[in-house]
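Structure first, commentary second.
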């Protein structure tokens, strides 16, 4: 393939690179390919920091919430979502999760599958324990 010919598709780009390698004329062909695939203008990408990182994390959480409410809503996710936030905070506290009040509130606001698996296991253990003891409470639930 002639080095002056600029390929017009990904297949042609690959063929040009193979032909240039075989012919030992990589220089002109690779310069021609750089026209099609220029270097990014921003240079080396840097990880997000500060407010940008917080915003990206919020968008990630929003996308996870939006994508799991429809197609991937199992019984545990539904039950967790239907619990009042105060009850979720109480379950997290009983499970020994949430180092401070801010972390506790943040975790209580998450969907079930956004909580790390070891924490979900601890919460499930607390719920099983509660199911054992709470049905026996009658006098404490009396309205008198």
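Numbering (our numbering), first residue to last: 9 to 152.
The beta carbon of each residue, even a glycine, is placed where N, CA and C say it ideally should be.
Since this is a predicted model, take the numbers as computed values, not measurements.
- Residue 100 is a Cβ neighbour of residue 116, given a cutoff of 8 Å.
- Scanning the segment 60-118 for uninterrupted alpha helix (DSSP H) segments of 4 residues or longer gives 83-90, 93-102, 109-116, listed from N- to C-terminal end.
- In this structure, residue 134 and residue 103 form a Cβ contact; the two beta carbons are roughly 5 Å apart against a cut-off of 8 Å.
- Linking residue 92 to residue 67 through their CA atoms gives a straight-line distance of about 24 Å.
- Taking 8 Å as the cut-off, the Cβ atoms of residue 120 and residue 95 do not count as close.
- When secondary structure is reduced to three states using DSSP, residue 151 falls in the coil class, being assigned neither helix nor strand.
- Its chain contains 115, 127, 130 as the residues whose beta carbon lies nearer than 7 Å to that of residue 105, once the 5 sequence neighbours on both sides are disregarded; these appear in chain order.
- In summary, residue 70 is exposed, with fewer than 16 beta-carbon neighbours lying within 10 Å of its beta-carbon over all protein chains present.
- For the 8 Å CB-CB criterion, residue 74 and residue 122 do not form a contact.
- Residues of the same chain with a CB within less than 8 Å of the CB of residue 97, apart from the 5 flanking positions on each side, are 106, 112, 113, 116 in chain order.
- Under the DSSP assignment, residue 141 falls in the alpha helix (DSSP H) whose first and last residues are 125-141.
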